[in-house]
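*Asks:*
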């Protein structure tokens, strides 16, 4: 029997692990490396699609790598929530790989500096995402969570410039500091109080902890998941924008931030339990912090003229939609939060792909430089418009459904202030995102905004355009056919009770 038949979960880890080795093994054989860089993401997507029917049928796949006794193991398991994250990461890895070729070679040529390190760390980030998505317990998730941080740090600091090194220190300081100080403490306490770290439907805290202990664990776990960029742990994300745009797309749509919001949903449903969440003052504290983060970063986004910075603050707000849903923990809020992992991923990667395409073609980075650029880059700016509408949660784009469910969840919980937060943040989003494509198509181009040497630019290379057009198409398709993601979200424990 093949490995695909006997252990597809393990194969989902081995393929990106092989991808991390290939840049060093292939050396100067660039055509071979380029071909394998595309073949491995395609192979991973095939593996994930092969286990999708099993997940949709509600069946379980498990694989234990090591059992340490005393309720501790290093193990993998297939769950509906994990399937959502795995499907998003595997489908977008191949698009981001194609886009990386167009972006990096458009700026630096075929042999861009540090490419072996770049491709290696890129694959390690996907390995981490797969490990997190398929973790059977909190110990396994934590190990892959930390690998995610350390494998993406070299990507954030890729340019090796002083600004990049400074941002890298902030990146490591906040993410490693929060996870080791808060999350690891919560993991140890959970194991002491319950005797296990396994994910279970309904959680493991009920009956094993007091209300006070549960509240403490909620606070430690949620603030320990710094990748959600909840206030006051949000500054790593805007600082990480010194990275190349394909890395920014990886951070915002595929790997790092999605690891954070996946983790809080997994904690709410598999460790803490939605019934405990709904009754705990710790969850209420987290909900208010998430709501404050949403509004704060939405206001900050209005003031930012650097395009990537504006998108970064937008991401922080969108992430905390999911944190808010996990904290409220009513059925529609959990379902909406899980669905938002996918809907935000396709919308936000489209926006970052477009920002990078603009830079490759015109070297423009500021919002106030983009007036009239839609006439030169109609495909790119149309994709940007589609991504914007989806991120705002407006029809006819996929983001409509996840935001709708989150709003319904707030109504179910009678949390009117949080419902108002979601609606107000949408209005603020209209203010900081929608004017960009409108002015790109309808405003007159400013001659003073042209960058020397790029006055007569057109569209970016096709390797940049094809991925952004495909991700934009996904935003549209997911409005009319949210099918797989919607079905998986409904199957998560706590979203149907």
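Residue numbers (this note's numbering): 950 to 1446. The C-beta atom is built at its ideal place from N, Cα and C for all residues, glycine as well. As the structure is a prediction and not an experimental result, all values here were calculated from the model.
Would you call the region 962–972 and the region 1072–1086 in contact, with 3 or more CB pairs under 8 Å?
*Replies:* yes
*Asks:* Return the Cβ separation of residue 1136 and residue 1124 in integer angstroms, given the expectation that the two are a contact with Cβ distance under 8 Å.
*Replies:* Residue 1136 sits at position 187 when you count from the first residue of the chain shown. Residue 1124 sits at position 175 when you count from the first residue of the chain shown. In fact, because the Cβ distance is near 16 Å, the residues do not count as touching under 8 Å.
*Asks:* So residue 1012 is in the beta strand (DSSP E); what residue range does that whole segment cover?
*Replies:* On the chain shown, residue 1012 is found 63 positions in, with the first residue counted as 1. Per DSSP, residue 1012 belongs to the beta strand (DSSP E) from 1011–1018.
*Asks:* Going along the chain, which residues of its own chain have a beta-carbon closer than 7 Å to the beta-carbon of residue 1470, five neighbours each way excluded?
*Replies:* Since the first and last residues shown for the chain are 950 and 1446, residue 1470 lies out of range.
*Asks:* Below 8 Å on the Cβ atoms is my guess for residue 1131 versus residue 1169; work out the distance and round it to an integer in Å.
*Replies:* Taking the chain shown and counting its residues from 1, one reaches residue 1131 at position 182. Taking the chain shown and counting its residues from 1, one reaches residue 1169 at position 220. Residue 1131 to residue 1169, Cβ: 5 Å. Contact.
*Asks:* If I measure Cβ to Cβ from residue 1172 and keep anything under 6 Å in the same chain, skipping five residues before and after, which residues do I get?
*Replies:* Residue 1172 sits at position 223 when you count from the first residue of the chain shown. So the list reads 1131, once near-sequence residues are dropped.
*Asks:* Under the assumption that residue 1259 contacts residue 1316 (Cβ atoms under 8 Å), give the Cβ distance between them as a whole number of angstroms.
*Replies:* Numbered from 1 along the chain shown, position 310 holds the residue referred to as residue 1259. Numbered from 1 along the chain shown, position 367 holds the residue referred to as residue 1316. That belief holds up - the Cβ atoms of residue 1259 and residue 1316 are roughly 6 Å apart, short of 8 Å.
*Asks:* Can you name, in chain order, every residue of its own chain whose Cβ lies under 6 Å from the Cβ of residue 1196, other than the five neighbours on each side?
*Replies:* Taking the chain shown and counting its residues from 1, the one referred to as residue 1196 is at position 247. Once the five neighbours on either side are set aside, the close Cβ partners of residue 1196 are 1104.
*Asks:* Using the C-alpha atoms, what's the distance from residue 1200 back to residue 994?
*Replies:* Numbered from 1 along the chain shown, position 45 holds the residue referred to as residue 994. Numbered from 1 along the chain shown, position 251 holds the residue referred to as residue 1200. Rounded to whole angstroms, residue 994 to residue 1200 spans 19 Å at the Cα level.
*Asks:* Taking a contact to mean a Cβ-Cβ separation below 8 Å, would you say residue 1267 touches residue 1340 in this structure?
*Replies:* Mapped onto the chain shown, residue 1267 falls at position 318. Mapped onto the chain shown, residue 1340 falls at position 391. The answer is yes: Cβ separation under 8 Å.
*Asks:* Going residue by residue through the region 1365–1429, where are the continuous alpha helix (DSSP H) segments of at least 4 residues, counting only ones entirely within it?
*Replies:* 1365–1381, 1384–1391, 1411–1429
*Asks:* Between the beta-carbon of residue 890 and the beta-carbon of residue 1188, is there less than 8 Å?
*Replies:* There is no way to answer for residue 890, as the model of the chain reaches only from 950 to 1446.
*Asks:* Are residue 958 and residue 989 touching if we call contact CB-CB under 8 Å?
*Replies:* By one-based count along the chain shown, residue 958 stands at place 9. By one-based count along the chain shown, residue 989 stands at place 40. Not in contact: residue 958 and residue 989 (Cβ atoms no closer than 8 Å).
*Asks:* Please state the DSSP three-state secondary structure of residue 1197.
*Replies:* Mapped onto the chain shown, residue 1197 falls at position 248. Note: residue 1197 maps to helix in three-state DSSP.
*Asks:* Whole alpha helix (DSSP H) runs in the region 1299–1368 with 4 or more residues, listed along the chain?
*Replies:* 1327–1341, 1348–1361
*Asks:* Can you tell me where the beta strand (DSSP E) holding residue 1022 begins and where it ends?
*Replies:* For the purposes of this step, residue 1022 is identified with residue 73 of the chain shown, where counting begins at 1. Taken as a continuous stretch (DSSP letters only), the beta strand (DSSP E) holding residue 1022 covers 1021–1026.
*Asks:* Whole angstroms is fine: what's the gap from residue 1183's alpha carbon to residue 1209's?
*Replies:* Looking up residue 1183 in the chain shown gives position 234. Looking up residue 1209 in the chain shown gives position 260. So the two alpha carbons sit approximately 12 Å from each other.
*Asks:* Got a sec? Which residues, its chain only, sit under 8 Å from residue 987 by beta carbon, not counting five neighbours each side?
*Replies:* In the chain shown, counting from the first residue as 1, residue 987 sits at position 38. So the list reads 1043, 1046, 1047, once near-sequence residues are dropped.
*Asks:* Excluding sequence positions up to five away, which residues of its chain have a Cβ less than 7 Å from the Cβ of residue 1056?
*Replies:* Here residue 1056 corresponds to residue number 107 of the chain shown, with the count starting at 1. Closer than 7 Å at the Cβ level, and outside the excluded window around residue 1056, lie 1309.
*Asks:* Output the residue ranges of the beta strand (DSSP E) runs that lie fully inside the region 1092–1130 and measure 3 residues or longer, sorted by chain position.
*Replies:* none
*Asks:* How would you call residue 1414, buried or exposed, if buried means at least 16 neighbouring beta carbons within 10 angstroms?
*Replies:* Position 465 of the chain shown, counted from the start, is the residue given in the question as residue 1414. Here residue 1414 is buried. Its C-beta has 16 or more other C-beta atoms within 10 Å.
*Asks:* Would you kindly work out how many angstroms separate the C-alpha atoms of residue 1374 and residue 1284, rounded to a whole number?
*Replies:* One-based indexing of the chain shown puts residue 1374 at position 425. One-based indexing of the chain shown puts residue 1284 at position 335. Approximately 20 Å between the Cα atoms of the pair.
*Asks:* Helix, strand or coil for residue 950? Go by DSSP, reduced to three states.
*Replies:* Taking the first residue of the chain shown as position 1, residue 950 is located at position 1. Since pLDDT at residue 950 reaches only 43, below the 50 mark, its modelled position is unreliable, and no value is offered.
*Asks:* Using DSSP with H/G/I as helix, E/B as strand and the rest coil, what is residue 1255?
*Replies:* In the chain shown, residue 1255 corresponds to position 306, counting from 1. In the three-state DSSP reduction, residue 1255 falls in the strand class (E or B).
*Asks:* Just list the residues that DSSP pairs residue 1086 with in beta bridges.
*Replies:* As a working mapping, residue 1086 is identified with position 137 in the chain shown. 1147, per the DSSP bridge assignment.
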